[in-house]
Amino acid sequence: MATNSVAKRVAQKEVRLFFSSPVAWLFLTSFAAVTGFLFFWVESFFARNIADIRPLFEWMPILLIFLCATLTMNMWSEERRTGTLEHVLTQPVGLWQFVIGKFRGCFTLLILALISTLPLPITVALIANLDWGPVIGGYLAAVLLGATYLSIGLFVSARTDNPIVSLIGTVTLCTVLYLLGSATLTGFFDDRTGEILRLLGSGARFESITRGIIDFRDLFYYCSLITAFLALNIVALEKERWAKTSSTARHRHWRVGTALLLANLVLANCWLSQLTALRLDVTEGKLYSISQPTLDFLNELQEPLLIRGYFSAKTHPLLAPLAPQLRDLLKEYELVGKGKVQVEFVDPADDPQSEEEANSRYGISATPFQVADRHQSSLVNAYFNVLVRYGSEHESLGFSELIEVRSAANTRPEVMLRNPEYDETHTIKKVLFDYRTGGSLFDGIGEPIEFIGYVSGDALLPEQLLNYKKAIQPQLELAARNSQGKFSVRFIEPEARGGVVAGKIVQEWGFKPMVISPGDDQKFYFYMTLANSQQVVQLPTDAFDPEEFRLTLDTGLKRFAQGFTKIVALSLPAVESQMAQYKLGGPTFANLEKAIARDYSIRLEDLSDGSVTPEADILAVVAPEKLDEWSVFAIDQFLMRGGTVILATSPFTAEISGGQLRLQDWDSGLQRWLEHQGIQIEKTLVLDKQNAKFPAPTNRQSGDYEFRDVQLLDYPYFIDLRPPGLDANHAVTGNLPQVTMAWASPIEVTPGNERRTRVLLQSSAASWLSDSMDITPNMDADGGSNFQSASPEEDENDSSRDLGIVVTGRFDSFFTDSNYPRNTAQRDANVEAWREPAVGALLERSPESARIVLYASNDFLDDQILSSLVATTGTQYLGPLELFMSTLDWALQDDQLLTIRSRAHFNRTLPPMERRSQMLIEYFNYGLAILWLLLIALVTWLQSIMRRRRYARSLSL
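Numbering (the working numbering), first residue to last: 138 to 1094.
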């Protein structure tokens, strides 16, 4: 109790002495002002357009060096200079109590200084979606690093009587400790030496915690340094008590005890460095932890899984700190794999045989990186790859798949791991599913499935269909025998029992009687379905080819199976290669194709043949143009079979060429079909005050002259969607922080009794409509645009507009037997082998599982628009692609992939705001910091008054 009282009184005295000087207030004010200046001006917070406070913590280690050195420079050196140190040395209490007291006093001042920076994260959280995990980790790291610097400063101050020498010594020692693990120093060494230096230096540990990873090894490292330097401080003061001319057993005990303490701290850190499981991921999406879906995939492994990391010792300095992070994550896979996962790390430079295997067998090659210093630039060929091998299947991840690079004006690029768990688990899933493809299809099916053929009696069937039925029956029986009891076959005659079944299947699925040719009186049924307790899937019957039946059956069974790569049928507008190169004639979607192909098998679909490949699990039609009757029929019948159709379409598209921005009409050919399904896309565009920036061609007026420029400006046609504009309760949009919709049109839905509509995307209440074809901003002499003058307040119908919807339920076919598409001479000319479907094979009603997902924009996925978003956001992560991929995951019921994808490191962008608002935010932060300092001053003043009163009362007594 007395010990605690001594340390407390010493701490209170130091704090009181600190605030008794105006220099202290000037110092704290300067610290708050400098942090605000660095955050808003040097790091260009608003230009970065990212809702985080990483720039603050990037500068914090340097700021803490000077803060802590200044706080501790007088602590012992002033005692020694004024002669009061002898008084401390002769006290009958342990010197460690005085050391702890001074440390507590300095630590209190450190906390007060850090609190003055809290307005920064609070402000960011108020204006955008801030992940508080890295913020908590950053302040924890700042507290630990500051405490370490304080202990170093106290030790140095105890060795000299000159405060300036103490200041310089502390700054030098802390700087060396910080630089020891920084990229500035580790870049001169290979990866192994650099990793050792990062373990020794305080900077690398600090960066690890600020990412949101609270690792026990890092906490123990800082606590070890604090303990070590406080112990050295106590020993340095204890030596002042010793006689200079003699050495006693007590002296030797002090030396041996101190050496043992330091040695044990070093050994404990070395032992803990081998443990990777003692960490806590505090990020909002648990970005650096193994998720439950990943564990589920690993539990499905039947063969050993090999994960091999190819990392070069000599690599780019910005990549060097990322290799240990990736190694730690891969070791986590080995740990949770419970013997099923083997992890290896290879440096190809040290193992030519492994490099040859990587090049020839796995297609892994080195990536050239340009490395420059103050004297020269050179090219380094380095490996940064991960191989995943399962059985005979293998996939690899390269630099482009693992790394995300952010850049913004006036700031250096940030290089970080994109979403390592998603990338790794997705690759594991791919090799696992590819390996299963060669095995039994029924291994991935849980609930039993029944094949039900609604087929008329043999006497009613045409000879062709009778032969077809006889040909497929042995195939069905073979599948049932090999299904391990998971597949059964049943044929039902709809005409039996007075046609009760016939009436039911017409009502439920629109299975109407077929005829051989129009006007034929002989009617029959021939429909095939697969069903379990959850869903019914109809098998296509328009071909009636026995040789293709097994493929059709397997495709249908895969709709019920887990563990097989889904197939996406993608229909894109036909654009000639030269037109695509120069952005003439319509949008292009190379980035979209690449994103889909990375997660699913993709089939580029030509709808003009009137059908969708039977392998397809989902149909995506992006920016359709002038679809003919047969193309619409293909979409219609895919929906009628219970499939999901994703549409991205609008009556307009924008064209950027020759420095000009033009809007042109875009006839999709789907208007009548959508209206038949109760969906209408209005022929207008939505503009919104909540919008994103766009490097748009502009017309600038100056006097009598007009100039054409490209300016980065707030563009109302680029709608910035954030919650609640993104449905937070739907799996597709619930984890998306922001999406930009370009040149979108409003959607109107007519309610249906058997259909349910869910709005995914919605503009803000400050949106308005325009049917003008002039979308080029015109700038006046004051820098204002013509869009600013078109105030939405002038529109009486201002409200939010639906831009993306999901409609689920029963749909009626747009086609009937009377308007059924027929074979024409044009079709014969365009299609080499055209087979006219059987009359009556038309499906007129869909099951409950049918869905239409509609995004009313042709351009939000366009390559050129995505490139402009890269320029404005400075990141590879693009909301539109993430929206589309999340839609696929949800529609294909890939819940595991959707869960892991939702943990991806999305770019948390700032909402659009004017320069005036930005300045108000800066002043708001400075004001809060000043209020905090005034509060400290008020508390200090009140405490001083109370002390004087107590002293006066004691004198009167």
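In this text, a Cβ means the ideal position worked out from N, Cα and C, and glycines have one as well.
My assumption, with CB atoms under 8 Å, is that residue i sits in contact with residue j. Please give the rounded CB distance.
i, j, result
"Tyr-527", "Glu-440", "6 Å"
"Thr-209", "Ser-339", "Not a contact, Cβ separation roughly 16 Å."
"Gln-774", "Leu-980", "6 Å"
"Arg-892", "Val-943", "In fact, because the Cβ distance is near 10 Å, the residues do not count as touching under 8 Å."
"Phe-588", "Leu-613", "6 Å"
"Gln-814", "Phe-948", "6 Å"
"Gln-479", "Leu-534", "Not a contact, Cβ separation roughly 17 Å."
"Ser-449", "Tyr-520", "5 Å"
"Lys-641", "Pro-650", "Actually they are not in contact, since the Cβ atoms of Lys-641 and Pro-650 sit about 14 Å apart, beyond 8 Å."
"Leu-998", "Phe-1021", "6 Å"
On a CA-only basis, which of the options is nearest residue i? Give me that one, please.
i, options, result
"Glu-538", "Leu-1068, Ile-501, Asn-828, Tyr-572", "Ile-501"
"Leu-267", "Ile-1058, Ile-190, Gln-149, Phe-648", "Ile-190"
"Pro-853", "Leu-369, Pro-458, Thr-913", "Thr-913"
"Lys-239", "Glu-216, Gln-507, Pro-258, Tyr-276", "Glu-216"
"Asn-669", "Arg-335, Pro-585, Asn-619", "Pro-585"
"His-388", "Leu-398, Asp-999, Val-372, Leu-397", "Val-372"
"Leu-690", "Ile-704, Thr-702, Ala-711, Met-665", "Met-665"
"Ala-829", "Ser-901, Leu-438, Pro-258, Leu-165", "Ser-901"
"Val-749", "Gly-1016, Val-759, Ile-772", "Ile-772"
"Ser-1004", "Asn-728, Met-1083, Met-1022", "Asn-728"
"Val-230", "Pro-271, Phe-164, Ser-142, Leu-277", "Ser-142"
"Phe-326", "Ala-457, His-224, Phe-244", "Ala-457"
"Leu-569", "Leu-459, Ala-757, Leu-438", "Leu-438"
"Glu-684", "Lys-703, Val-152, Gln-610", "Gln-610"
"Asn-406", "Gly-394, Val-769, Ser-361", "Ser-361"
"Thr-364", "Ile-289, Leu-432, Arg-335", "Ile-289"
"Thr-877", "Asp-911, Gly-1016, Lys-703, Leu-800", "Gly-1016"
"Pro-608", "Leu-676, Arg-687, Tyr-737, Lys-475", "The displayed chain sequence assigns Ala, not Pro, to residue 608. Here the closest residue by C-alpha is Arg-687."
"Pro-761", "Leu-807, Asp-802, Tyr-737", "Leu-807"
"Glu-1019", "Val-869, Ala-1074, Gln-1001, Tyr-992", "Val-869"
Taking Cβ positions, are residue i and residue j nearer each other than 8 Å?
i, j, result
"Ile-733", "Leu-709", "no"
"Ser-994", "Ser-787", "yes"
"Arg-740", "Glu-730", "no"
"Ile-350", "Gly-274", "yes"
"Ile-755", "Thr-781", "yes"
"Leu-897", "Gly-941", "yes"
"Val-592", "Glu-630", "yes"
"Arg-938", "Gln-875", "no"
"Trp-767", "Asp-746", "yes"
"Val-523", "His-531", "no"
"Pro-300", "Asn-401", "no"
"Leu-287", "Leu-247", "yes"
"Thr-260", "Phe-1061", "yes"
"Thr-285", "Phe-434", "no"
"Met-777", "Arg-555", "no"
"Ile-202", "Val-280", "no"
"Leu-226", "Phe-176", "no"
"Ile-427", "Val-473", "yes"
"Leu-784", "Val-758", "yes"
"Val-236", "Asn-370", "yes"
"Gly-283", "Val-419", "no"
"Leu-334", "Thr-323", "yes"
"Leu-615", "Lys-606", "no"
For residue i, decide whether its Cβ has a neighbour in chain B, counting only Cβ atoms nearer than 8 Å.
i, result
"Leu-208", "Checking the listed chains, one finds no chain B in this structure; it contains a single protein chain."
Check whether the segment 209 to 222 and the segment 351 to 362 are in contact - that is, three or more C-beta pairs closer than 8 Å. no
Complete alpha helix (DSSP H) runs within the segment 303 to 389 (minimum length 4 residues, chain order): 320 to 323, 328 to 337, 339 to 347, 353 to 376
What are the start and end residues of each continuous beta strand (DSSP E) run of 3 or more residues lying completely inside the segment 520 to 571, in chain order? Considered as a whole, the segment 520 to 571 harbours 521 to 527, 530 to 534, 540 to 543, 551 to 554 as its complete beta strand (DSSP E) runs of no fewer than 3 residues, in chain order.
Touching by the beta-carbon criterion (3+ pairs, under 8 Å), the segment 814 to 829 and the segment 882 to 895: The segment 814 to 829 is in contact with the segment 882 to 895.
Does the structure place the segment 293 to 310 close enough to the segment 197 to 207 that three or more beta carbon pairs sit under 8 Å? Verdict: yes, contact present.
Tell me whether the segment 440 to 460 and the segment 372 to 381 touch, counting them as touching only if at least three CB pairs, one residue from each stretch, are closer than 8 Å. In the pairwise beta carbon analysis, the segment 440 to 460 is classified as not touching the segment 372 to 381: fewer than three pairs are separated by under 8 Å.
Taking only runs that begin and end inside the segment 774 to 842, name each unbroken alpha helix (DSSP H) of 4 or more residues, in chain order. As for any alpha helix (DSSP H) of minimum length 4 sitting wholly inside the segment 774 to 842, the runs are 808 to 813, ordered along the chain.
Go through the segment 185 to 231 residue by residue and report every complete run of the alpha helix (DSSP H) that reaches 4 residues or more, in order. 191 to 209, 214 to 219, 222 to 226
Across the segment 1065 to 1082 and the segment 157 to 175, are there enough close Cβ pairs to call them in contact, namely three or more that are closer than 8 Å? yes
Could you tell me which whole beta strand (DSSP E) segments of length 3 or greater appear in the segment 427 to 499? 442 to 448, 478 to 483
Please list the segments of the alpha helix (DSSP H) lying wholly inside the segment 591 to 663, counting only runs of 4 or more residues, in order along the chain. Qualifying alpha helix (DSSP H) stretches, in chain order: 600 to 618, 633 to 646.
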